[in-house]
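Number of protein chains: 2
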Amino acid sequence: MQDIADRVGVSRCAVSLVLSGKAKSTRISEGLRRKIIDTAAEMNYTPNELARGLRTGQTKTIGVIVADISNEFFGELVYHIQRRAMAYDYSVIITNSNEDPDAMLREIHLLVNRQVDGIIMVPTNNSLHVANHIVSLSIPFVQVDRFLPGVDASYVILDNFDASSQLTEKLYRQGCRRIAMVRHETSALNGRLEGYVQVMEEHGIYDSCLVKNIDYSSEADDVRSAIDELFKEEVSIDALIFQSHELFLLGISYIRTAGIDFKNRIKIATFDKIEAFALVDFPLTYVEQPIGEIGREVVDILLSQIKGSNEITQKVFKGSINEI
Amino acid sequence: MQDIADRVGVSRCAVSLVLSGKAKSTRISEGLRRKIIDTAAEMNYTPNELARGLRTGQTKTIGVIVADISNEFFGELVYHIQRRAMAYDYSVIITNSNEDPDAMLREIHLLVNRQVDGIIMVPTNNSLHVANHIVSLSIPFVQVDRFLPGVDASYVILDNFDASSQLTEKLYRQGCRRIAMVRHETSALNGRLEGYVQVMEEHGIYDSCLVKNIDYSSEADDVRSAIDELFKEEVSIDALIFQSHELFLLGISYIRTAGIDFKNRIKIATFDKIEAFALVDFPLTYVEQPIGEIGREVVDILLSQIKGSNEITQKVFKGSINEI
DNA sequence: AACGTATATTTAACCGATTAACTTATATAT
DNA sequence: ATATATAAGTTAATCGGTTAAATATACGTT
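If you're matching them up, the sequences are chains A and B in order. So for the first sequence, the working numbering puts the first residue at 13; every next one is plus one. So for the second sequence, the working numbering puts the first residue at 13; every next one is plus one.
Listed below in structure tokens is the structure:
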């Protein structure tokens, strides 16, 4: 800036005023404005956002903490978040928590030290204290995909209860009565269990042995034994809902290697829409999340908080049921 | 810092010296060091990385430009990059280029303005001027996954030629003679074509009608017509190599919907390892990239350049051939 | 001529760190 | 007793911007 100022023959601050678009409000003459802009372009000036951020207290950066960016769902979510943020001239710093609360805490500090203007986080199991910590920092904060009950913060999620009951109801209407569910033991996904349970109970066909819990730490093993049990003759299921695409892939994969024939006997259903569906050659019912809208909304809410809104917004999107 | 200094009763810079770990070299007494550290902890001090970055000229941040973070391969790549960077206390700013050179240029400026210490980029078609622009900025820069011939910069890639010829050779040994390839028309992936062509020619079985080019802008349509042509009776292929997992998914999906029976007639092969393989129920040969190593290596090279090395490192990893 | 009022630009403080150069006090050597 | 070295900190400049307040110039009025 000093160089530009020298070249044009004005003070450094005149350059700043012009270049930060405050020429009109501070009545810099049009001639000088042009000259400064031209000279800046000529000299390939690009502003140092660090200095600007230091002075203004705004970095135009948002921090995103996801469990695992290599997960297809989060990858797509981050894609939409990044695009929306970009549209508003915000950058995105990504960090992976690997579902570990301690890592999340470290990453929050890292983001805060970098003076991000706000944080978007996918909360995980046992991260209540982490979320509350962010709230106590009183930095703009929005949860996405999941939310922690009792945390005083905004969130954007899928209406899991509704999606799950719609899905279960659909299977019921198609004649299924012994509908099983393979689920993760996460409070964040409880809605997917509850929607299912309610519909099953409404129709008087709920049976607790149809629900199998999978632990994160022993996913593959748990899925195998869950499948083994569910496919026993006496359980006689006619539909199987996987609570996430990870479980779906693990499940189908095992069913295949175990040589179990299910195609014409058992309807399969799952949550999320993934690339792998291109390879599905059996009837599949799935819940599709409006992931683009979710990503955009979470950015919009965060930005409104960054702009000063104290409103806590909790937005719930409906999923749609599709079939292959 | 001033607050800590006041509380302890020393100057601001003593605090800085201690907190940035320069206590020994500047001979701050051990007692004072302890007191400052304790007071800082007590007061929940966290450094402002912006200010630090402004002063030191180092932001401990690297910018990553990928074509599409929601792409499974790039998602995983970014995952490894982020983890490795994190291990060295570096943060990662992600941007999506959507394979658009103009977008890349914008993002580079954005990253440069934010004073990133270095840039990792997946170059795309027609981005030669973009890469050269980064080089002209003389900022540490490494290309990954693909590279642009003629650009004077480091890169980390898969040995596509080797992988492709290994793959082709393997199919040949398994008795295939009419091996087809569905490929993207990108110079970045030329190695995958050339390795194939060489092996085919070596065995005297190369036939140009076995190679189908797919345009990025009309992927789905092109794949459909490519498949249609390849599966004509008179072409009589016995193996089909897809040059990327995107093409593989599109291809298999179309083959399925078209009701073409290939399972026991035609061997399928592809590049990359993706989640969808969990659903594969036919023999599949694929090239697996050491993606974790690639991610780590690209960070290591970038960091060595950031640390001052002027060496241009061009690292080529071998892929491994696997079967399902 | 004196004054008020826009207009156009500059001054100087500030954001929160880092660090080269300097000061002061004490210890050790000659 | 004097010179030298070492220890333990402090001073002040700096990074590259922003912005409230001050200043200077021109213009229109009475």
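We put the beta carbon where it would ideally sit given N, CA and C, even for glycine.
*Between B/T58 and A/V211, what straight-line distance do the alpha-carbon atoms span, to the nearest angstrom?*
51 angstroms
*Name, please, each residue of chain B whose Cβ falls closer than 8 angstroms to the Cβ of A/A238.*
Chain B residues near A/A238: none, gap ~16 angstroms exceeds 8 angstroms.
*asked:* I'd like the span of the alpha helix (DSSP H) that includes B/Q301, first residue to last.
replied: From DSSP, B/Q301 is part of no alpha helix (DSSP H); its letter is neither H nor E.
*Shortest alpha-carbon distance to B/I77 belongs to which of B/I264, B/N108 and B/E84?*
B/N108
*Please check if any C-beta of chain A sits within less than 8 angstroms of the C-beta of B/I151.*
no
*Going by CA-CA distance only, name the one from A/Q255, A/Y91 and A/A238 that's closest to A/V247.*
A/A238
*Of the choices B/P135, B/N60 and B/Y218, whose alpha-carbon is the least far from that of B/S32?*
B/N60
*Consult DSSP for A/V223 and reduce its assignment to one of helix, strand or coil.*
strand
*Span of the alpha helix (DSSP H), counted from its first residue to its last, around B/Y167*: No alpha helix (DSSP H) holds B/Y167; the beta strand (DSSP E) holding it covers S166 to L170.
*Using beta-carbon positions only, say whether B/S103 and A/R126 come within less than 8 angstroms of one another.*
yes
*Residue from A/T51, A/E42 and A/K36 with nearest C-alpha to A/D15*: A/T51
*Which residues in the same chain as A/I333 place their Cβ atom closer than 7 angstroms to its Cβ, once the five residues preceding and following it in sequence are excluded?*
Q178, L179, K182, T297 and V299
*What residues in the stretch 64 to 82 of chain A bring their beta carbon closer than 8 angstroms to a beta carbon of chain B?*
G65, L66, T71, T73, D80, I81 and S82
*Among B/L242, B/T198 and B/L205, which one has its Cα closest to the Cα of B/D227?*
B/T198
*First and last residue of the alpha helix (DSSP H) that includes A/H141?*
L140 to S148
_Same chain only: Cβ atoms within 7 angstroms of B/R158, ignoring 5 sequence neighbours per side_ = V134, P135, I169 and A200
_Chain-order list of residues whose beta-carbon lies under 7 angstroms from that of B/S256 (same chain, five-residue window excluded)_ = H196, F283 and D284
*Starting from the Cα of A/A270, find the closest Cα among A/V235, A/I253, A/A251 and A/A290 and give me that residue.*
A/V235
*Below-8 angstroms beta-carbon distance, A/Y100 vs any chain B residue*: no
_C-beta contact flag for A/A97 and A/F86 at 8 angstroms_ = no
*How many whole angstroms separate the CB atoms of B/I120 and B/V156, which I take to be in contact at a CB cut-off of 8 angstroms?*
Between B/V156 and B/I120 the Cβ distance is about 15 angstroms, and since that is not below 8 angstroms, they are no contact.
*is_contact[A/I336, chain B] using C-beta, thresh 8 angstroms*: no
*How big is the Cα-Cα spacing for A/D219 and A/G203?*
18 angstroms
_Through-space distance from B/R118 to B/R190, alpha-carbon basis_ = 45 angstroms
*In the DSSP assignment, find the beta strand (DSSP E) that holds B/L66 and state where it starts and stops.*
Unbroken run through B/L66 is the alpha helix (DSSP H), E61 to T68; no beta strand (DSSP E).
_Assuming B/M55 is part of the beta strand (DSSP E), what are its boundary residues?_
Counting along the chain, B/M55 falls outside any beta strand (DSSP E), and DSSP gives it neither H nor E.
*asked:* Tell me the rounded alpha-carbon separation between B/A175 and B/I303.
replied: 14 angstroms
*Can you find a CB in chain B that lies within less than 8 angstroms of the CB of A/E84?*
yes
*How about B/I253 and B/Y208: do their beta carbons lie closer than 8 angstroms?*
yes
*Enclosing beta strand (DSSP E) for B/Q14 [first to last residue]*: Per DSSP, B/Q14 belongs to no beta strand (DSSP E); it is in the alpha helix (DSSP H), Q14 to V20.
*Residue(s) in a DSSP beta bridge with B/D280*: It is Ile, not Asp, that sits at residue 280 of chain B in the sequence shown. Answer is B/L252 and B/L296, bridged to B/I280.
*Report all residues from its chain with a CB closer than 8 angstroms to the CB of A/I146; omit the five preceding and five following residues, and keep chain order.*
I120, I131, M133, F153 and A165
*Measure the alpha-carbon distance for A/V292 versus B/S265 and round it to whole angstroms.*
8 angstroms
_Against chain B: residues of the stretch 121 to 145 of chain A by CB proximity under 7 angstroms_ = H121, L122, V124, N125, R126 and Q127
*Tell me, which residues are paired with B/V328 by DSSP?*
B/I169
*What distance in whole Å lies between the Cβ atoms of A/Y167 and A/L315, which are believed to be in contact at a cut-off of 8 angstroms?*
No, A/L315 and A/Y167 are not in contact; Cβ-Cβ is about 15 angstroms, not under 8 angstroms.
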